[in-house]
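Below is one structure; the comments refer to it alone.
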Amino acid sequence: MKKQPLLYIYVAFICTIIFFSFVSCKQKTTQIDPEFARYIAAFTYGNISPDSYIEIELAQELPSVELNTEVQEKFFSFSPFIKGKTYWINSRTIRFVPEYGQLKPGKEYTAKFYLDKALKVEPKFKTFNFYFRVNEQNFSFDLLPYSPMSINDLKWNSVTGALRLANNESPEKIVGIFELKGANREAKVNVKTVSDGMYQISIDSLLRTNNAESYELTVNGNAIGAKKRENFSIQLPSLPETEFQVIDVRMISETASHIRIAFSSPLSHDQDIQGLVVPSGISNFTYQIDKNVLKIFPEAYPREEITLQIHQGLRSFENRALARDYTYQLRAESEKPQVKMGKSGNILPNSSQLVLPFSAVNLWAVDVKVIKIYQNNILYFLQSNSMNSNSNGEVRRFGRLIKKKQIRLDTDKTLDLTRWNNFSIDLAPMINEDPGAIYIVQLSMKSDYSLFNCGGITPQIPQSSSMRNFEDENISEEDEAVWDETNPYYYEPIDWAEYNWEERDDPCKSTYYMNRDRIIETTVMASNMGIIAKGGDENKILIAVTDILSTSPISGADVTVYNYQMQAIGKGKTDGQGFAEIDYKNGKPFVVTATNGKDIGYLEVKEELSLSLSNFDVSGKEIQKGLKGSVYGERGVWRPGDTIYLSFILEDRAKKLPEGHPVALEVYTPTRQFYHRQVKTNGENGFYTFQIVTDPSAPTGVWQSYVKVGGTSFYKPLRIETVKPNRLKVRLETDSIIDASKGVFSGTLTSQWLHGAPASNLKSEVEITLSRTENPFSGYNKYVFNNPLFKFETNSYKLFEGTLNASGVAGVNSRIPVAESAPGMLRGNIVSRVFETGGDMSFYAQTAYYSPYGVYAGVKTPETEASGFLETDKPIVFDVVTLDPYGKKVSRDNVEYKIYKLNWSWWWNSSEEDLGSYVNNTAVSPVANGVISTSGGSGKVKFQVDYPDWGRYLILVKDAGSGHTAGTIFYVDWASTYGRSNKTDPNGLTMLSFSTDKETYAVGETATVIIPKSSSGRALISIENGSSIIWKEWIKTSETEDTEYRFKITEEMNPNFYLFITLLQPHAQTENDLPIRLYGVRNI
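What follows is the structure in C-alpha cells.
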C-alpha cells in the first residue's frame, strides 16, 4: 500500500510550554522545550495511521544532503522498536519509513531524533524527544437482505453490504474477517474498494433449496487488528416458496433518499405500483424495481412519521400475490447538521455585492472565520495552494486570522431550520478591501449549534442575548497566540481525549463536529480586474485585462508572468484593447499578475486549472511548438535479435526548422537504460527512416523510443517479446450466442498436438470475460440497444477447470455467470487454455455474444439538421424495434417509454453523478411516458417539446416482458427565429451556446456567428489553430437581440480552426442569472 505523508499531523513550536495529551489506557503528558524551535519547524505527532511516515522538518536547509537515497546513519530511535529506513525527501525534511506492519494499531511510541547528526547544536539540543500514537483499527458493517443473482434462476442468491474501516486494508486481508456457515460451501465473499476506508462486500452463490435455509455470517476483526466481532443471520425461504412476502423495509438516506422494500421473490414489472404501495403523507413519488427490491423515491418527505401500507394485490414475477397486507411505521431520518457552499467565483470587486452564499441544515448558527493572505505572500501561497480549492493547511506561513464571527440562522422565523435553507454572508464589513489581498473564508459548526433530534429530545434555540458571539471584531490574545506559532500548518484543534472513531458520523456526539471535512472554505480576492490568459506552443501568452464591473478593457495595466519558482519570465503592458502579448523564457507560466494603479489581480495558469473543453468538439492531435510528428513501425511486436524499422513523419507547416535540421532517435530498454541513438539530417518530404538492430539476448518487455526535433519529442513504445508459438491445437465448440436464460454454458473442448496425437490427460481451463458492446445487431447501426442508467464493469469468470480425457476431449458444462446490471447484449471473450506437463501453455481465443435478456428494445433518434439539435414546437418521432437475441424482429404488446428532462447540474457534473442516480433522484419525474406495441417488431414514440423548454432530454424504452431497457440522450433547442436570452442556467454553468451560419467554409467566404443577447456584455472573439491565435478582437453584444459577428475565411485557417468566444457580463447586472463569464468553442 502506498504511504501518504500526513502533513496535518505536524505541530510547531511556540514560545510557551506546549502539552500533548494522547488517548490511551495510561494518559501521558509530554513537555517540549520551546527552544528547539530554533532548529525544528515541525514534527509528527498525535494520532497517525498504520501506513504513515514519521517526519522531522528542520528550520533551515541542508543543501548537501542526498535526496531519496537511504540514509545509513541512524537519525531516529523508537520505543517500542520500529524497523524501517530513513530518507531525506528535501533539503529540510527527513523521513523515517516504517516497514509494512511495523506500526501497531493502538500503540503509543516514544521517538528520539538525533539532531546533532544533522546540525551543529549545543549539547542540550543533541536529542529531540517526541511522541505519537497509531490509530486503532475498527469497523462498521451494514448488511442488506438477499437478492437473486438472476430472475431466471432463483436458486442462486447473493447479499451485499457496506464495510467501513478506520484504517485502510487490502481486499485480500478484508476477506479474512468474514466467516460464512450454511448449506453451500461454494458461497464466497468478494471485496471491492469503493473509496478511502469504504468497501463493498458481496457474497454470491447462496443456495436456496426446497427447505428454508439459514446462513450465519460472522465478522471478526481480529484478522485486521480490530477488537470487535459481529454476527449476522441470512434467511432464505424455501423454493418454491410457500408464501410471497415482504422480508425487509428500511429508510435509505443517500443523495437519492428512498424507501427500500425487499420481497422474497422478484416483482412483476407488469403492474402499477401506485395504489398497491401507499406511504402516508407522500402524494407524489417515483419508483424503481430491481429484481426483488422496490425503491420508492418521494418528491418530499413529510415531517411526521410515515405509515407504509403494502397491499396484498402486489404480485411477483410468477404472478403470485402477497398473502396479506403489510403495515410499517417509518420515520424519515433527519438530515445531519451540515454546511455547504456553492461553487461561486473567487473575485469580489468593489461593488455593492460582496455576498457569499451558503446552505445549512439542522443548525441555528455557524461560525465564520476570515484569514487574510498578505499581498507580499500571495505568490508563495499559490505555490502550494489554489484559488479554486481548499487550502492544504499551510496557511500560517502566509496569512493571519483577521475576523471571526457567529452568524445566526434563526433571524427569519418562517424558516424550517431542520431542512436545507439558503443563506448568505455579507463580507463587506468583515473584509478590509486591501487591494490585491486574498482571503480564506471558513464556515464551521459546533455541537451547541445543532438542532438534530437526539434521543427524542429536540434542542431549543437559545435567545440571542444569552449567547456569546463574535460580533466584536477584535481578535483575542488567545487567537493571536495561535497565529504566532512557528508551525506553518493551521488546522482546527481536535480534543483527542473526547474523540471516538466509532462516533465520527453520530451528530449526537462531539466527535462528529471535530471532523475537519465538515469545515468548508473558499478563497476570495478583492480586485476589480478580470484576467483572461491564452497560451500556445510558441512561448507566447496572450493576456486580456478587463474591468469586472463594466467589462471594459483596461489599457496601461502592467502584466507580469511568473514561473513556479516565482521568477518573472515575461512582462508587458496592455494596449487600448486590454491585450498584452508576452514572450516568455526560463520556464512555464505559473501565475500572471496585472497591476493598474493600486488594484492588483492574480490568475493561476496551471494546466489543470484551464477551462474544461470536454463538452465541446475539440478533438484532434496536440501540436507541439508548431510541429506535428508520428512514429510508425513495420509491425507491432519484435523478437530479440530482430532489426526494428521505424519511420518518422514530420510536418512543419510554419517552416520553423531550417534545412538540414537534425532529427534524433533515442531508444531505451524496459529498465530505462540507454540503448541506441541515431541522428538524421535529411528527410525526403518529411519522412525519416531509422533501423535499430537488437541483440539476441536483449531484454523483453516494452522499450521506449523518442524522436526529438526542434525542442519537441514524439514517443512510441516498442514491444519486444520472446514469442512462443502454440504447440497444441485447441478448439472449443459452443454456441455463437450464450443464452443466460438456459442457466448452463455447454461446450466441447478438444486439443491435440500439432503432429495429430491427442493431448491426453492434460490440465485445461476455459475463461470468459464479459464486456459491454455497443451494437450487436447488424442492420440496426443507428439504433441504441443499451441502458444508459446501468454502469457495467468488465468481469472475468472461470467456466471450466479440469483435465482432458485420453482422447484430448472435455465436456464443458458450467453454471452461466450472472451479469449484474447488464445494459444490453454483452460481448464474451472466451479463452481456452491447455497446459503441458512441463508448464508450457497453448491457448485459443474466440468471441461469442452473451444474452442476459430474451428480447431487446432499441431506439433511434430522428436525424437532425446541420445545427445538430432537434427543434422545439415540432413533432419528434423515435423509431423503436424489439428483437430477439439473434436480431429477428418480434412483436411485443407492452413496451414502456419514459422521457426525462436533464437539468444542467447533472450534465455539467456527470463525472460526479451517474445518470442512473440522477434519474432515480427524488426530484426527477418523467415529462412524458406511455406504452406502445411493436407490431412486427417495429413501433414509434411521438413527442414534442414546446418553446421555451430547450435542453437535453433522455428517452428510455423498455420491453416489460424481458426487462431490457434502451435509452439515449438528445438535445432540443429553439429555432433560429427565437432569441436566446431566456436560456438561464440555474446552477451557474459557464457554457455559451453560439451558432454559425454554416458548418464548412471555403477560403474567401464570410462566416457569420450568432451570439445570444446579454446585459451590456462584451465578447472576446478568438480564432485559433492548434498552436497559436490567428485573430482576436472585442465586440459589444446587444441587450435586445442576438449579436451577429462576421469575419473573412483566410488561407491560414485551413484545414480547420477553432472559434473560441468568451462572453463577459457586468458584475452587478441583474437582468439574468447567468455567470459573468461564459465561453464556448466550435470546430470549423
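Start counting the sequence shown at 0; every next residue gets the next number (numbering that gives the first Met the number 0). All C-beta atoms in this analysis are idealised placements derived from N, C-alpha and C, irrespective of residue type, glycine included. Please read all numbers here as calculations on a predicted model, not as lab measurements.
What is the rounded straight-line gap between the Cα of residue i and the Cα of residue j?
| i | j | result |
| --- | --- | --- |
| A758 | I815 | 27 Å |
| R1081 | Y779 | 30 Å |
| D409 | E393 | 34 Å |
| S51 | Y99 | 10 Å |
| K403 | L381 | 24 Å |
| P669 | G635 | 16 Å |
| S975 | R951 | Residue placement at S975 cannot be trusted, given a pLDDT of 47 that sits under 50; the coordinates are not used to answer. |
| D738 | P144 | 28 Å |
| T559 | Y601 | 10 Å |
| K997 | L825 | 40 Å |
| Y561 | V367 | 33 Å |
| T1091 | R1076 | Here the chain has residues from 0 to 1083 only, and residue 1091 is not among them. |
| L1062 | D546 | 13 Å |
| S777 | P657 | 53 Å |
| D141 | L162 | 7 Å |
| A480 | Q374 | 22 Å |
| T126 | K111 | 6 Å |
| G823 | N291 | 20 Å |
I'd like to know whether the C-beta atoms of residue i and residue j end up nearer to each other than 8 Å.
| i | j | result |
| --- | --- | --- |
| L235 | N156 | yes |
| F422 | A359 | yes |
| G196 | N167 | yes |
| S48 | N134 | yes |
| S934 | S890 | yes |
| R652 | E720 | no |
| K180 | A222 | no |
| S750 | L664 | no |
| D324 | Q308 | yes |
| F357 | L416 | no |
| F231 | F243 | no |
| P1065 | S549 | yes |
Tell me whether residue i sits in a helix, a strand or coil according to DSSP, three-state version.
| i | result |
| --- | --- |
| P122 | helix |
| G978 | Low per-residue confidence applies at G978: pLDDT is 41, beneath 50, and the placement is therefore not dependable enough to give any value. |
| Q759 | Here residue 759 turns out to be Ser, not Gln, going by the sequence shown. If DSSP states are grouped into helix, strand and coil, S759 belongs with coil. |
| L882 | strand |
| Y99 | coil |
| I767 | strand |
| L442 | strand |
| E998 | coil |
| Y714 | strand |
| Q943 | coil |
Determine which residues share a DSSP beta bridge with residue i and list them.
| i | result |
| --- | --- |
| D447 | D447 pairs with nothing; no bridge assigned. |
| Y1007 | It is worth fixing the name first, because residue 1007 is Thr in this sequence and not Tyr. According to DSSP, which records beta bridges pairwise, T1007 is partnered with R1045. |
| P297 | F284 |
| S232 | E215 |
| Q672 | Per DSSP, none; premise fails for Q672. |
| F422 | F357 |
Can you tell me which of the options puts its alpha carbon nearest to the alpha carbon of residue i?
| i | options | result |
| --- | --- | --- |
| A322 | I246, Y286 and F74 | I246 |
| S841 | D878, E764 and A805 | E764 |
| S646 | T1005, F713 and G274 | F713 |
| K762 | S831, V692 and D152 | S831 |
| N46 | Q101, E107 and F74 | E107 |
| N928 | I898, Y946, Q943 and S934 | I898 |
| I1083 | T688, G1016, S1027 and A1001 | A1001 |
| L541 | E1023, Y705, R1045 and G801 | E1023 |
| K723 | R503, G838 and I81 | G838 |
| N785 | S820, W752, G801 and H754 | S820 |
| T159 | Q136, A186, I150 and A165 | A186 |
| T326 | S237, F35, V70 and R249 | R249 |
| P97 | G105, F75 and R91 | F75 |
| V440 | V365, N538, S740 and P170 | V365 |
| V369 | E60, I518, I1010 and N1053 | I518 |
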